[in-house]
Amino acid sequence: MKYVTIFIFITCIFLIFNCTDKNEKNILDFNKYTFNTVLKGEGTYNIGYEFDINKKYYANKEYNFIYYPKNLKERKFLIPGSLSNGEFPIYWRGVNLPFTIIKKANSDTLLIIKNNKNLYLKE
Numbered sequence: 021m022k023y024v025t026i027f028i029f030i031t032c033i034f035l036i037f038n039c040t041d042k043n044e045k046n047i048l049d050f051n052k053y054t055f056n057t058v059l060k061g062e063g064t065y066n067i068g069y070e071f072d073i074n075k076k077y078y079a080n081k082e083y084n085f086i087y088y089p090k091n092l093k094e095r096k097f098l099i100p101g102s103l104s105n106g107e108f109p110i111y112w113r114g115v116n117l118p119f120t121i122i123k124k125a126n127s128d129t130l131l132i133i134k135n136n137k138n139l140y141l142k143e
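First residue of the sequence shown: 21, per our numbering; consecutive thereafter.
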């Protein structure tokens with residue numbers, strides 16, 4: 021009887037630790053890392069809190085990098101189909117893919133290169 025109780029206890033402990041969420045992501049602070057990579061695909065990163073770059077998950081925990089387009093034409097270049105005027109900022113994750121991002125760790129500037137055009141986004 022004692023062995024059965026010990027076996028059940030050990031099995032319960034094993035199940036508790038084994039049944040944790042295996043898909044839990046380690047979300048890193050985007051500002052603390054350096055990037056020089058091409059982000060491919062279609063659409064934007066705009067949906068959700070976290071985003072994936074090179075199979076690691078990041079979030080803008082402190083700063084949001086924004087850009088004020090000069091006019092509606094530039095805004096439509098960055099976000100096709102946009103109906104907003106140039107007065108509203110564009111967040112870097114709102115720019116339509118594909119584009120290249122270049123950023124140094126803990127920097128207040130993010131460079132996006134889209135179709136050979138450089139855009140400097142500030143925090």
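Yeah, the Cβ is synthetic: ideal placement off N, Cα and C, and Gly gets one too.
DSSP state of residue i mapped onto helix, strand, coil
i, result
"residue 36", "helix"
"residue 31", "helix"
"residue 23", "helix"
"residue 94", "helix"
"residue 56", "strand"
"residue 46", "coil"
"residue 136", "coil"
Cβ neighbours of residue i in the same chain (closer than 8 Å, five flanking residues each side left out)
i, result
"residue 79", "47, 48, 49, 50, 69, 70, 71"
Contacts around residue i, its chain only, beta-carbon distance under 6 Å, and the 5 residues preceding and following it disregarded
i, result
"residue 124", "54"
"residue 109", "86, 88"
Cβ neighbour criterion (16 or more within 10 Å) applied to residue i
i, result
"residue 88", "exposed"
"residue 33", "exposed"
"residue 92", "exposed"
Those residues which DSSP pairs with residue i across a bridge
i, result
"residue 111", "86"
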